[in-house]
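Chemist: Under my numbering, the residue at position 73 of the sequence shown is numbered 73, and the numbers go up by one with no gaps. For each residue, glycine too, the CB sits at the ideal point set by N, CA and C. Input: one structure, supplied below.
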Amino acid sequence: MGKNQHVVVHDNGWAVRAEGASAPTLTFKTQGEAWEKAKSIARKERSEALLHGKDGHLRERNFYGHDPRRIRV
Numbered sequence: 001m002g003k004n005q006h007v008v009v010h011d012n013g014w015a016v017r018a019e020g021a022s023a024p025t026l027t028f029k030t031q032g033e034a035w036e037k038a039k040s041i042a043r044k045e046r047s048e049a050l051l052h053g054k055d056g057h058l059r060e061r062n063f064y065g066h067d068p069r070r071i072r073v
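Right, here's the structure in full:
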């Protein structure tokens, strides 16, 4: 399983940053563009994409790997 991808505010735009990395992987003008790229990377790496708002709080998350929760259907 790869590293989780975070979408965070960066300078005058938005960045996709791998969990634990100090520098962004990619930067974008809009949050939407960054979110789509983060989800794409997370799908390929079978990890999680996390969307943070301007205030830094978590707004949304998508998990694309093995879900550790045991949910009965």
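#1: To the nearest angstrom, report how far apart Asp11 and Gly56 are at their CA atoms.
#2: Can the beta-carbon of Glu45 be found closer than 8 Å to that of Leu51?
#3: Measuring only the C-alpha atoms, how far is Ser47 from Leu26?
#4: When you compare the CB positions of Lys39 and Asn62, do they come within less than 8 Å of one another, or not?
#5: For Glu19, is the beta carbon positioned less than 7 Å from some heavy atom of the ligand NAP?
Modeler: In this structure, then:
#1: For the purposes of this step, residue 11 is identified with residue 11 of the sequence shown, where counting begins at 1. For the purposes of this step, residue 56 is identified with residue 56 of the sequence shown, where counting begins at 1. The alpha-carbon atoms of Asp11 and Gly56 are separated by roughly 14 Å.
#2: Here residue 45 corresponds to residue number 45 of the sequence shown, with the count starting at 1. Here residue 51 corresponds to residue number 51 of the sequence shown, with the count starting at 1. In this structure, Glu45 keeps its C-beta atom at 8 Å or more from the C-beta atom of Leu51.
#3: In the sequence shown, the residue the question calls residue 47 occupies position 47. In the sequence shown, the residue the question calls residue 26 occupies position 26. Their backbone Cα atoms lie some 17 Å apart in a straight line.
#4: Within the sequence shown, residue 39 is the residue found at index 39, counting from 1. Within the sequence shown, residue 62 is the residue found at index 62, counting from 1. For Lys39 and Asn62, yes; Cβs fall inside 8 Å.
#5: For the ligand NAP, the structure offers nothing, since it holds no ligand at all.
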